[in-house]
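Peer 1: In my numbering, each number is its position in the sequence shown, counted from 1, plus 252. Virtual Cβ for every residue (Gly too), placed ideally from N, Cα, C. A quick note: this is a predicted structure, and the numbers were derived from the prediction, not measured. Just passing along the structure, written as structure tokens.
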Amino acid sequence: MYKIPVFFSHQDLATIGPAEAPPLSSEQQFVIRMFKEIKNVLLFPRTLPHINQFSDTRIDNIQTIVKASYGTAAVLVEPAVSSFAEPYNPFSQFEPAMAYNNNHPLLLVIQDTMTESAGGVWGGKGNLVPFGPLVWHSRAVSVDEFFEGVTWKEALFNWASKVRNHYFTQTGQRR
Numbered sequence: 253m254y255k256i257p258v259f260f261s262h263q264d265l266a267t268i269g270p271a272e273a274p275p276l277s278s279e280q281q282f283v284i285r286m287f288k289e290i291k292n293v294l295l296f297p298r299t300l301p302h303i304n305q306f307s308d309t310r311i312d313n314i315q316t317i318v319k320a321s322y323g324t325a326a327v328l329v330e331p332a333v334s335s336f337a338e339p340y341n342p343f344s345q346f347e348p349a350m351a352y353n354n355n356h357p358l359l360l361v362i363q364d365t366m367t368e369s370a371g372g373v374w375g376g377k378g379n380l381v382p383f384g385p386l387v388w389h390s391r392a393v394s395v396d397e398f399f400e401g402v403t404w405k406e407a408l409f410n411w412a413s414k415v416r417n418h419y420f421t422q423t424g425q426r427r
């Protein structure tokens, strides 16, 4: 079985916890675990390097990876440090929106502490159809409990099947 490429949009690990690890913050553990979970369903998560570059270059890189992928998973967790006016990097909005614009199946996960401050694709004061991200209630549910839960597994397998369907539709290959 081969792995289908998907775009995994997430914040830079250095902005969501200590740059010198271990120990990793729960947010860092969450992002790493989500990456591994995607790999476990035989998808190939690809990410963009988090480097300081001109915005136009970054947008071109996002466009390239989105066009070369067949689905997008995005996660938004509370940053330890933010140098933006918003409490998160603006690309956390732009990347899933561009993927949606390219008809990608989306899997969105947000930390409960970010639901009020994040808008756009992340919902803010209410879910914005068609998005509706899963919420990780980080104060009550550990990283392991979230990823072992039925809600996560159901969402992951449903998304993975949509990715595979999108892949076969786009490439014209038979199953």
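Would you kindly work out how many angstroms separate the C-alpha atoms of V258 and V293, rounded to a whole number?
Peer 2: Cα-Cα distance, rounded: 12 Å.
Peer 1: Just to confirm the assignment, what range does the alpha helix (DSSP H) spanning S369 have?
Peer 2: From DSSP, S369 is part of no alpha helix (DSSP H); its letter is neither H nor E.
Peer 1: Are there three or more Cβ pairs, one per stretch, closer than 8 Å when the region 307-321 is compared with the region 264-279?
Peer 2: No: the two stretches stay apart, fewer than three of their Cβ pairs being nearer than 8 Å.
Peer 1: If you check the beta carbons only, do V327 and V395 fall under 8 Å apart?
Peer 2: The answer is no: Cβ separation not under 8 Å.
Peer 1: Who are the Cβ neighbours of T421 in its own chain at under 7 Å, not counting the five residues just before and after it?
Peer 2: Contacts found: none.
Peer 1: How big is the Cα-Cα spacing for L408 and L359?
Peer 2: Whole-angstrom Cα-Cα distance: 7 Å.
Peer 1: Quickly, what does DSSP pair A326 with across the bridge? List them, please.
Peer 2: Per DSSP, S261, L360.
Peer 1: Using a 10 Å radius around the Cβ and a threshold of 16 neighbouring Cβ atoms, would you call V329 buried or exposed?
Peer 2: The residue in question, V329, is buried, as its Cβ has 16 or more Cβ neighbours within 10 Å.
Peer 1: Identify whether V393 lies in helix, strand or coil by the three-state DSSP scheme.
Peer 2: In the structure shown, V393 sits in coil (DSSP, three-state: anything other than H, G, I, E or B).
Peer 1: By the DSSP assignment, the beta strand (DSSP E) with L386 in it spans what residues?
Peer 2: Element bounds for L386: 386-388.
Peer 1: Does DSSP classify I284 as helix, strand or coil?
Peer 2: Helix, per DSSP.
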